[in-house]
Every structure is written in C-alpha cells, then in structure tokens.
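Asker: Have a look at the structure that comes next, please.
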Amino acid sequence: MRIALTGEALIDFTASEAGTLAFLGHEGGSPLNTAVACARLGEPTGFLTQLSTDLFGERLLRFLERNGVDTSFILRSDAPSTLAFVERTPQTNRYAFYTRASADATWAPEPLPQLPADCRFLHFGSISLLQEPAASRIADLVTANAGRRVIVFDPNVRPSLIPDMAEYRVRVMDWFAMADLVKLSDEDAELLAPGQPVDALAAECLRAGAHAVIVTRGGAGATLWRTGHDPLTVAAPRIEVVDTIGAGDTFTAGLSVALLAQGVEHPAQLGQLADEAWRQVMRFAATAAALNCTREGADPPTLEAVRAALAQQDDGPALSQS
Numbered sequence: 000m001r002i003a004l005t006g007e008a009l010i011d012f013t014a015s016e017a018g019t020l021a022f023l024g025h026e027g028g029s030p031l032n033t034a035v036a037c038a039r040l041g042e043p044t045g046f047l048t049q050l051s052t053d054l055f056g057e058r059l060l061r062f063l064e065r066n067g068v069d070t071s072f073i074l075r076s077d078a079p080s081t082l083a084f085v086e087r088t089p090q091t092n093r094y095a096f097y098t099r100a101s102a103d104a105t106w107a108p109e110p111l112p113q114l115p116a117d118c119r120f121l122h123f124g125s126i127s128l129l130q131e132p133a134a135s136r137i138a139d140l141v142t143a144n145a146g147r148r149v150i151v152f153d154p155n156v157r158p159s160l161i162p163d164m165a166e167y168r169v170r171v172m173d174w175f176a177m178a179d180l181v182k183l184s185d186e187d188a189e190l191l192a193p194g195q196p197v198d199a200l201a202a203e204c205l206r207a208g209a210h211a212v213i214v215t216r217g218g219a220g221a222t223l224w225r226t227g228h229d230p231l232t233v234a235a236p237r238i239e240v241v242d243t244i245g246a247g248d249t250f251t252a253g254l255s256v257a258l259l260a261q262g263v264e265h266p267a268q269l270g271q272l273a274d275e276a277w278r279q280v281m282r283f284a285a286t287a288a289a290l291n292c293t294r295e296g297a298d299p300p301t302l303e304a305v306r307a308a309l310a311q312q313d314d315g316p317a318l319s320q321s
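Under numbering that gives the first Met the number 0, the first residue of the sequence shown carries the number 0, and numbering increases by one thereafter.
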C-alpha cells in the first residue's frame with residue numbers, strides 16, 4: 000500500500016431526469032472516489048473506514064474490491080450506510096446528505112490502525128470531518144502519521160451539512176495546519192474565504208504549515224502555490240464535458256500518483272520539487288480529471304488512458320475516454 004485514504008463511503012443517488020424523483024444509485028463519497036482513482040491509476044491503495052452490513056455497505060465493499068483497493072483496514076457495523084442525493088444544475092451539483100449515526104460517521108477504531116511501512120501518502124477531508132466520533136479519530140490518525148507520510152487534505156466543502164459556517168472556517172485552519180498538500184476547488188475557496196483573493200487563502204494555508212497548495216478552477220485549469228516560489232498554473236485539457244461528479248477527487252488522486260512517480264515520498268520534497276516536475280504532476284492530474292468528466296458519474300480513468308490522452312494533447316483534438 001503506497002496511498003491510504005480515510006473518510007466516508009456512500010451511495011450517490013443522482014437525479015436521472017430534471018423535475019422528477021427518479022434517481023440512479025452509484026458508489027461514491029469523495030475519499031472512496033479518490034481511492035478508486037488511485038488504484039485505477041496503478042498505485043497500491045488502501046481505504047480506512049467503516050462500512051455498514053446493510054445492502055449498500057455490501058455493495059460498497061464489493062466495489063472497492065473489484066477496483067483493486069485494499070479493504071483490510073475496513074471495519075463493519077450494523078449502523079446504516081450514508082446516502083447522498085445529487086441534483087445536477089447547469090452551474091454545479093446540489094447535494095442532500097443523510098449521514099446521522101451512519102457507519103462511516105461512527106468510525107472509531109481502537110487502537111488506531113498502523114499503516115504499512117511502504118505507505119507514503121495519507122489523504123483525509125470531506126464530510127467525514129463533520130461527524131463524531133469519526134472526525135476526532137481521523138484527526139488522531141493524521142497526527143500519528145505527521146512527518147512520516149505526505150498528508151493530503153481536500154476539504155470538499157458541503158454547505159448543506161455545515162450548520163455554522165463561521166465555526167467551520169475556524170476548524171478548517173486546524174486541518175490546514177495538519178496537511179502537507181492542500182487541494183481546493185475555486186468553489187471551496189469562495190466558501191472558506193468569501194470575497195478574498197484565492198492567492199491570499201493559499202498564503203494562509205502555507206503559513207499554517209502546508210508545503211504546497213493547489214486550487215482547481217474547472218475548465219480554467221489549476222494553480223500551485225509554494226513558499227518561496229512563483230505561482231504555477233496549468234491549463235485544463237479541452238474536452239466535451241458529460242458530467243463533473245468525481246472530477247476533483249480524480250484530480251487529487253492524480254496528484255499523489257504523479258508525485259510518487261516523481262520520487263516524492265516525504266513532506267519536505269513537496270517544496271523541493273522543481274517547477275517543471277510540478278508542471279508534469281499537475282498536467283497528469285488535470286488530464287485524469289478531464290477524462291473522468293467525459294462519462295456519467297465518478298468514473299476515473301486507468302493509467303493507460305491518461306498516458307494515451309497526454310500523448311494526444313499536443314495533436315489538438317478534444318479528449319475522449321475509450
């Protein structure tokens with residue numbers, strides 16, 4: 000296991016037709032999507048969570064196993080599975096979550112899991128940090144691994160689940176301080192620091208202790224900030240967008256996979272990596288995310304598909320996933 004992820008695993012019910020109550024179910028949750036993306040991109044990946052023994056939990060477990068994710072750290076519970084309902088709009092996706100006392104929200108391993116020695120990256124974030132006791136145990140796990148592994152934080156802000164946004168913004172600063180690499184979307188940035196320039200929020204993350212901060216802007220690309228370096232921006236590949244669900248999760252996975260390919264295994268290396276190497280990392284991540292958007296739902300590409308798309312980009316036509 001080279002990459003470990005912790006957090007929620009849920010069933011996404013996506014509206015199949017506008018204005019109706021017809022929904023199609025898919026395995027989801029930001030950490031689960033990222034775990035599957037890492038595995039499809041060729042890195043040995045493990046997932047730490049608690050799944051229900053209900054029919055949804057069984058489906059989630061089988062889905063992870065089919066995609067080659069190590070499930071040996073997954074606990075089971077008779078608590079219900081987390082469910083999310085997603086309605087697409089022309090601008091974004093709207094969510095309704097059912098998380099109270101669910102299996103993943105009540106994850107509280109004792110003692111803490113001991114990650115294998117070859118695990119170099121640990122991801123945390125998303126709605127799992129909004130429910131106890133899981134939030135506290137995730138923080139304990141991250142703290143126990145600080146300095147020994149690259150800690151990646153993606154807040155994946157969901158306002159419908161946050162009763163007090165002002166309090167949440169204060170808590171996020173604590174999570175920034177625990178991370179070596181912070182990945183945000185421009186929507187996350189606006190929710191966390193309304194009206195504030197993105198580079199000011201990135202600087203705040205760096206002052207909190209992060210070695211690198213990346214903000215994605217959909218079709219406008221992504222920008223990297225590091226202390227002592229100029230910002231670095233990469234363009235997004237030209238694609239025909241079918242669905243954006245899972246794009247950010249796939250981008251985050253692409254970062255870790257590509258950083259490992261560059262030899263990054265320790266936090267300090269994030270600040271030491273050359274700009275051109277970072278450009279390659281971000282281009283890989285952006286291409287993986289773009290390919291995810293060419294299909295319905297969260298459906299990350301394989302490593303072979305990303306390599307083929309990278310080779311194709313210089314030739315000009317829009318990307319498509321086979």
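No residue lacks a Cβ here, since even glycine has one placed at the ideal position from N, Cα and C.
Less than 8 angstroms between the C-beta atoms of Arg119 and Val151, yes or no?
Answerer: no
Asker: Since Glu86 sits in a beta bridge, which residues does DSSP pair it with?
Answerer: Arg93
Asker: Between which two residues does the beta strand (DSSP E) containing Val212 stretch?
Answerer: 211-215
Asker: Would you kindly check if the distance between the Cβ of Thr13 and the Cβ of Val68 is under 8 angstroms?
Answerer: no
Asker: If you reduce the DSSP assignment to three classes, tell me which class Asp298 lands in.
Answerer: coil
Asker: On a Cα-Cα basis, can you pick out the residue from Pro79, Phe46, Ala287, Val197 that is closest to Ala257?
Answerer: Ala287
Asker: Going along the chain, which unbroken runs of the alpha helix (DSSP H) with 4 or more residues stay wholly within the segment 245-307?
Answerer: Whole alpha helix (DSSP H) segments, 4+ residues: 246-260, 268-271, 274-291.
Asker: Among residues of its own chain, excluding the 5 on either side of Glu42, which ones have a beta-carbon nearer than 8 angstroms to its beta-carbon?
Answerer: Arg1, Ile2, Ser255, Val256, Leu259
Asker: For the 8 angstroms Cβ check, are there 3 or more pairs between the segment 126-142 and the segment 172-184?
Answerer: With a cut-off of 8 angstroms, the segment 172-184 and the segment 126-142 count as touching, because enough Cβ pairs lie within range.
Asker: Tell me, to the nearest whole angstrom, how far the beta carbon of Ala285 is from that of Pro236; I am working on the premise that it is less than 8 angstroms.
Answerer: 6 angstroms
Asker: Determine the direct distance from the alpha carbon of Pro196 to that of Ala78, and round the result to whole angstroms.
Answerer: 42 angstroms
Asker: Can you tell me the Cα-Cα spacing of Asn155 and Ala234, whole angstroms?
Answerer: 21 angstroms
Asker: Can the beta-carbon of Thr98 be found less than 8 angstroms from the beta-carbon of Ala104?
Answerer: yes
Asker: For Ala308, count neighbouring C-beta atoms within 10 Å of its own C-beta (all shown protein chains included) and say buried if the count is 16 or more, exposed if not.
Answerer: buried
Asker: Starting from Thr325, follow its DSSP beta bridges and name the residues at the other end.
Answerer: Past the boundaries of the shown model lies residue 325; the chain is included only from 0 to 321, so the question cannot be answered.
Asker: Measuring CB to CB, does Gly6 end up less than 8 angstroms from Ser184?
Answerer: no
Asker: Go ahead and pull the three-state DSSP assignment for Phe120.
Answerer: strand
Asker: Considering Cα atoms alone, identify which of Glu26, Ala100, Leu4 is closest to Phe72.
Answerer: Leu4
Asker: According to DSSP, simplified to helix, strand and coil, what is Ile150?
Answerer: strand
Asker: Using CA atoms only, rank isn't needed, just tell me which of His210, Val241, Thr243, Thr33 is closest to Gly227.
Answerer: His210
Asker: Could you check where the alpha helix (DSSP H) with Arg170 kicks off and where it finishes?
Answerer: 164-177
Asker: Does the beta-carbon of Val169 have 16 or more other beta-carbons within 10 angstroms, so that it is buried, or is it exposed?
Answerer: exposed
Asker: Which stretch, first to last residue, makes up the alpha helix (DSSP H) that contains Thr33?
Answerer: 29-39
Asker: Does Glu131 come out as helix, strand or coil in the three-state DSSP assignment?
Answerer: coil
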